[in-house]
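A quick write-up on the structure given underneath.
4 protein chains.
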Amino acid sequence: MAARQAIALVAGVGPGTGAAIAKKFASLYSVVLLARSPNSYETTVKEINEAGGTAVGFSADVQDEASVKNVFEQVAKEFPDRPVAAAIYNVGGVFSRKPFLEQSVEGFKLGYETSVLGAFIFAQAALPHLLSAAKSPIPHPPSLFFTGATAAIKGSPYLQSFSPGKFALRSLTQSLAKEFGPGGVHVSHLIVDGVIDTPKTAEWLKGAPEGSKIDPAAIAETYWALHQQPRTTWTWELDVRPYVEKW
Amino acid sequence: MAARQAIALVAGVGPGTGAAIAKKFASLYSVVLLARSPNSYETTVKEINEAGGTAVGFSADVQDEASVKNVFEQVAKEFPDRPVAAAIYNVGGVFSRKPFLEQSVEGFKLGYETSVLGAFIFAQAALPHLLSAAKSPIPHPPSLFFTGATAAIKGSPYLQSFSPGKFALRSLTQSLAKEFGPGGVHVSHLIVDGVIDTPKTAEWLKGAPEGSKIDPAAIAETYWALHQQPRTTWTWELDVRPYVEKW
Amino acid sequence: MAARQAIALVAGVGPGTGAAIAKKFASLYSVVLLARSPNSYETTVKEINEAGGTAVGFSADVQDEASVKNVFEQVAKEFPDRPVAAAIYNVGGVFSRKPFLEQSVEGFKLGYETSVLGAFIFAQAALPHLLSAAKSPIPHPPSLFFTGATAAIKGSPYLQSFSPGKFALRSLTQSLAKEFGPGGVHVSHLIVDGVIDTPKTAEWLKGAPEGSKIDPAAIAETYWALHQQPRTTWTWELDVRPYVEKW
Amino acid sequence: MAARQAIALVAGVGPGTGAAIAKKFASLYSVVLLARSPNSYETTVKEINEAGGTAVGFSADVQDEASVKNVFEQVAKEFPDRPVAAAIYNVGGVFSRKPFLEQSVEGFKLGYETSVLGAFIFAQAALPHLLSAAKSPIPHPPSLFFTGATAAIKGSPYLQSFSPGKFALRSLTQSLAKEFGPGGVHVSHLIVDGVIDTPKTAEWLKGAPEGSKIDPAAIAETYWALHQQPRTTWTWELDVRPYVEKW
Chain A
1 MAARQAIALV AGVGPGTGAA IAKKFASLYS VVLLARSPNS YETTVKEINE
51 AGGTAVGFSA DVQDEASVKN VFEQVAKEFP DRPVAAAIYN VGGVFSRKPF
101 LEQSVEGFKL GYETSVLGAF IFAQAALPHL LSAAKSPIPH PPSLFFTGAT
151 AAIKGSPYLQ SFSPGKFALR SLTQSLAKEF GPGGVHVSHL IVDGVIDTPK
201 TAEWLKGAPE GSKIDPAAIA ETYWALHQQP RTTWTWELDV RPYVEKW
Chain B
1 MAARQAIALV AGVGPGTGAA IAKKFASLYS VVLLARSPNS YETTVKEINE
51 AGGTAVGFSA DVQDEASVKN VFEQVAKEFP DRPVAAAIYN VGGVFSRKPF
101 LEQSVEGFKL GYETSVLGAF IFAQAALPHL LSAAKSPIPH PPSLFFTGAT
151 AAIKGSPYLQ SFSPGKFALR SLTQSLAKEF GPGGVHVSHL IVDGVIDTPK
201 TAEWLKGAPE GSKIDPAAIA ETYWALHQQP RTTWTWELDV RPYVEKW
Chain C
1 MAARQAIALV AGVGPGTGAA IAKKFASLYS VVLLARSPNS YETTVKEINE
51 AGGTAVGFSA DVQDEASVKN VFEQVAKEFP DRPVAAAIYN VGGVFSRKPF
101 LEQSVEGFKL GYETSVLGAF IFAQAALPHL LSAAKSPIPH PPSLFFTGAT
151 AAIKGSPYLQ SFSPGKFALR SLTQSLAKEF GPGGVHVSHL IVDGVIDTPK
201 TAEWLKGAPE GSKIDPAAIA ETYWALHQQP RTTWTWELDV RPYVEKW
Chain D
1 MAARQAIALV AGVGPGTGAA IAKKFASLYS VVLLARSPNS YETTVKEINE
51 AGGTAVGFSA DVQDEASVKN VFEQVAKEFP DRPVAAAIYN VGGVFSRKPF
101 LEQSVEGFKL GYETSVLGAF IFAQAALPHL LSAAKSPIPH PPSLFFTGAT
151 AAIKGSPYLQ SFSPGKFALR SLTQSLAKEF GPGGVHVSHL IVDGVIDTPK
201 TAEWLKGAPE GSKIDPAAIA ETYWALHQQP RTTWTWELDV RPYVEKW
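Going line by line, the protein sequences match chains A, B, C and D. Quick note on numbering: the working numbering labels position 109 of the first sequence as 109, and the sequence is numbered without any gaps. Quick note on numbering: the working numbering labels position 175 of the second sequence as 175, and the sequence is numbered without any gaps. Quick note on numbering: the working numbering labels position 138 of the third sequence as 138, and the sequence is numbered without any gaps. Quick note on numbering: the working numbering labels position 236 of the fourth sequence as 236, and the sequence is numbered without any gaps.
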């Protein structure tokens, strides 16, 4: 297969992990970036194209089924006959950390919906393409990857609007891995345990030892390593954390 | 404290586990039964009252915040000055078992909302009363218990509309246990692994060895045992399954 | 069955949990107490007998197969024809908390052997009796219970001689629950998360809120509640911790 | 650093996973192979050397502290001043699958000792070298990796001599990750869920779909990917299984 004749989609592309994943997968694939606002993906799209890759961005609301389906239709038009080699859901949950009795029903639903409802919609739109790609001559098994959090395995006080959605996402990925593995789609769940080093967290962990934040590029490398696994040897779940993290 | 001078609320009262829990807790408390339809609780209310206990039923939709708050207000009117000694969320998730690609967004949300959104609303309505009861001279620490399922710890194919909600519920109960334990409220999560013996399952597991279904009365006894634990020695989570269950 | 016509064995009887379990089970059974030294069980044996119960103590080293088998033979002589209704392994692991590079091979083995080798030997001696009791008219299903620790589910620095043995014990109890459940033996694993209130820990947690230590009598009540579960509704695992415990 | 100026040690080198790991790590390092018998490593050593790499084999019994220490001393003599970049424990547990009541104390200990005692001894011999390497200019953080099994997280009937040792090994690796991560040593535990494709398993899974066995070379690639992770982004645990595996 010629270079970039297959597609990788990345949903949830801000200046951190999503951008790093898009750049990494752009080494082999044409990449499609999804974010709510063009601001989130424009810089990355530009950087990839300028570096000789192929990237295009779409505005979409992952919680809106029509919006996500629309992106997949546009992608099919823009890149006809190209298999989807990877679909990566990297949308962070939106939530507010607060005492349980101060949490609203809307706040609780919001945490859930941003974490897992969007993942459901994205997976449902992507899977027919990935199943189809499993029968195409692409270099690696088609992959459906999800970025999770420590909150996916541990409930904590004041995180009642965040953690249930991450637990639910983890369950969903396990269901999908079991249902679609035999069909040739590699489903993985990556647990991020620690602070990711992004512009937003630049001021966090001041005074901590050097290297105390997770490197987005290293997350991207880890996803890339999973993507390269042959179907005989697939990872469903792994964790990543900085060397100094307490856990 | 005189007999039945405190209240136990049970949400999700059909002819199985909910009814058994209500009857067990009626040995010490006035019990309040919540279900969507009076059909679900009328028989149990009658049985408890005829046996010398005190029971009252309310129709409520646990996914509707106003509906649940209204029940708590009515309970406060009907039983003024009685502490809430126990609030038990036993509402089963409504879901459809089907291939992921045939699942609708509405079907996915329904599974989540019946499992965990109702639990959120119920817990938020109950906790102020339970925290207050922790300072009252009631015989056992006030308890907030939730009935879960194996699907709370294991994702399975075709259960993508059920299992994520149960994972989420488990997370919620852990958050609550950690936040409200120090305030004196005992939060527990009971994982049911197997078929519960109810009228609905009467025809299931035909030919299996005697005793292959979980006894609702034994679930009630187990909840009762947890309720009696002093605050020095609280169980957050346990499992129950029949002796012949494979796991 | 007349009172105390069945036997409960408790291995690991010091002045804390083991004594409390023995006293609780003495309400229905003749109890046999095992400890390395008579000092550990003499007071409890005396208290049970003086209170109208039946108790006898044996010195045994649970890591020595011959020693444990010998106890079971003596018990069979002393109480012929009495079924064994419960066998409870409550032996704490002996270990030293230290940096990994300062740990000796002997120290590492010691932690393992006290936690899990003794459990293996005790279970193997007890199971033929419990399987036989499952066919006898005893009031509750015969029970094989093990006291575990948080270290059974979480590895920690400096606890490398303790935690692996507790993980191993947890695995063993799960194997046994799955193999012997269908034969009618109830196997449980109780995770103790926190400091147990015993003479040895009297000076610990000074300044902590009242009730910060786990009550041995409440552990005994919890084991008793599990023992009463019918075979339709068995708990394999639960945790207990004080209301103020961080986890 | 010039090519192969650092060392990777692999313990447990038969014709499957161990050989594949040794070959992969030989692309960057001089490799040292440990096995009980020269038969196990001779072919691999020859292949690596003939392919232009550097390999040497040592006979050692990982359960014998003196034997393992002796290897590390010989390595220090043979490769003076070369940092140890990786130490990989891939020794399979020796055990017999049988009913619990037919298991001997010796059989139970054997399973444990081959799984976890050897790991303890190997880790203790390797860690001073790895800690020292963390301060050397080697290309990737020094790594201490362990091959585990599904039996590390799930107890099963008849596997009572295997699974407890694997649970214990998992605990040990977590203790080590937490203690030595801050010192710059990357500790990982890889859960193998399925049959590994080796000469020994050639006749297994006849009739299963193509690709039903785990590829040793892919395990080696996965370890290599973990080894390349920077210290900001380390994986402690992951699983691998074939695409058709039920779990």
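Every residue gets a Cβ at the ideal spot worked out from N, C-alpha and C, and that includes glycine.
Simplified DSSP state of A55/C, which is helix, strand or coil
DSSP places A55/C in strand when its eight states are reduced to three.
So, P128/C versus A134/C, is the Cβ gap smaller than 8 Å?
The Cβ atoms of P128/C and A134/C lie no closer than 8 Å to each other.
So with CB distances below 9 Å, who are the chain C contacts of L130/D?
What L130/D touches in chain C: nothing, since even the nearest Cβ is about 11 Å away.
Note down, in chain order, all residues in the region 98-132 of chain A with a beta-carbon under 8 Å from any beta-carbon belonging to chain B.
Per Cβ criterion, the list reads P99, F100, L101, Q103, V105, F108, K109, Y112, V116, L117, F120, I121, A123, Q124, L127, P128.
Please report the distance separating the alpha-carbon of L9/A from that of V31/A.
Distance between the alpha carbons of L9/A and V31/A: 6 Å.
Name, in chain order, the residues that DSSP records as bridge partners for G148/B.
Its beta-bridge partners are I191/B.
Classify N90/A as buried or exposed, calling it buried when 16 or more other Cβ atoms lie within 10 Å of its own Cβ.
With 16 or more neighbouring CB atoms inside 10 Å of its own CB, N90/A falls in the buried class.
Looking at chain D, is there any beta carbon in it that lies within less than 8 Å of the beta carbon of A218/A?
Closer than 8 Å: yes.
Cβ of T233/C within 8 Å of Cβ of T222/B?
Closer than 8 Å, so yes.
Sorted by chain position, which residues of the same chain lie with C-beta nearer than 7 Å to A76/A's C-beta, five sequence neighbours on each side aside?
For A76/A, where only same-chain residues beyond five positions count, there are no Cβ hits under 7 Å.
Do S161/C and S96/C have their C-beta atoms closer together than 8 Å?
Cβ distance < 8 Å, so S161/C and S96/C count as in contact.
Beta bridge counterpart(s) of H140/D as assigned by DSSP:
None; H140/D has no bridge partner.
Could you give the distance in angstroms between the alpha-carbon of R241/C and the alpha-carbon of I138/C?
Rounded to the nearest angstrom, the two C-alpha atoms are 31 Å apart.
If I measure Cβ to Cβ from T114/A and keep anything under 6 Å in the same chain, skipping five residues before and after, which residues do I get?
Within the same chain, Cβ atoms closer than 6 Å to the Cβ of T114/A are found at G93, V94, the five residues on either side in sequence being excluded.
May I ask which residues mark the beginning and end of the beta strand (DSSP E) holding Y41/D?
Run containing Y41/D: none in the beta strand (DSSP E); it sits in the alpha helix (DSSP H), 38-50.
Could you give the DSSP three-state label for Y89/D: helix, strand or coil?
In this structure, DSSP gives Y89/D an extended state, which the three-state scheme calls strand.
Along the chain, where does the alpha helix (DSSP H) containing S67/B start, and where does it finish?
DSSP places S67/B inside the alpha helix (DSSP H), whose first and last residues are 65-78.
Beta-carbon neighbours of E237/B, restricted to chain C and to distances below 9 Å
Within 9 Å of the CB of E237/B, the CB atoms of chain C belong to E237, L238, D239, in sequence order along the chain.
By the DSSP assignment, the beta strand (DSSP E) with L130/B in it spans what residues?
Counting along the chain, L130/B sits inside no beta strand (DSSP E); it lies in the alpha helix (DSSP H) bounded by residues 118-133.
Per DSSP, what kind of secondary structure is E203/D in: helix, strand or coil?
Coil at E203/D, not helix or strand.
Between L101/C and Q124/D, how many whole angstroms is the CB-CB distance? I'm expecting something under 8 Å.
The C-beta distance from L101/C to Q124/D rounds to 7 Å, short enough to meet the 8 Å contact threshold.
Given this structure, state the Cα-to-Cα distance separating W204/A from T44/A, to the nearest angstrom.
Cα to Cα, W204/A sits roughly 24 Å from T44/A.
Nearest to G184/A (by Cα), restricted to the options L144/A, R4/A, E42/A
Measuring C-alpha to C-alpha distances from G184/A to each of L144/A, R4/A, E42/A identifies L144/A as the nearest.
Under the three-state reduction of DSSP, which class applies to W247/D: helix, strand or coil?
Here W247/D sits in coil by DSSP.
Output, in chain order, the set of chain C residues within a Cβ distance shorter than 8 Å of R231/B.
Under a criterion of Cβ atoms nearer than 8 Å, the residues of chain C adjacent to R231/B are, in order, G211, P242, Y243.
State yes or no: is the beta carbon of R87/A nearer than 8 Å to at least one beta carbon in chain B?
Contrary to the premise, residue 87/A reads as Ala rather than Arg in this sequence. Chain B contact via Cβ: absent.
Under 8 Å, do E42/C and G57/C count as touching if we go by C-beta distance?
For E42/C and G57/C, yes; Cβs fall inside 8 Å.
With a threshold of 7 Å on Cβ separation, who are the neighbours of V116/A within its own chain once the five nearest residues in sequence on each side are excluded?
Excluding residues within five positions, the ones whose Cβ falls inside 7 Å are G165, A168, L169, L172.
Name, please, each residue of chain C whose Cβ falls closer than 8 Å to the Cβ of G165/D.
Going along chain C in sequence order, the residues near G165/D (Cβ under 8 Å) are A168.
Relative to the C-alpha of T17/B, which residue among K98/B, L159/B, K200/B, G155/B is closest?
Closest option to T17/B, judged by alpha-carbon separation, among K98/B, L159/B, K200/B, G155/B: K200/B.
Look at the Cβ atom of T150/B, then the Cβ atom of D193/B, and state whether they are nearer than 8 Å.
In this structure, T150/B lies near D193/B, with their beta-carbon atoms less than 8 Å apart.
With a Cβ-Cβ cutoff of 8 Å, do Y112/D and Y29/C count as a contact?
Going by C-beta atoms, Y112/D is not nearer than 8 Å to Y29/C.
DSSP puts R4/C in a beta bridge; with which residues?
Under the DSSP definition of a beta bridge, R4/C lacks any partner.
Looking at chain C, which residues of the region 139-165 of chain D have a Cβ within less than 8 Å of any of its Cβ atoms?
If you check each beta-carbon in the region 139-165 of chain D against every beta-carbon of chain C, the ones closer than 8 Å belong to A151, K154, G155, S156, P157, Y158, L159, Q160, S163, P164, G165.
What's the gap between the Cα of A6/C and the Cα of E210/B?
Each residue's Cα considered, the two are about 25 Å apart.
Along chain A, which residues have their Cβ under 7 Å away from the Cβ of D215/D?
By Cβ distance, chain A contributes P230, T232, T233.
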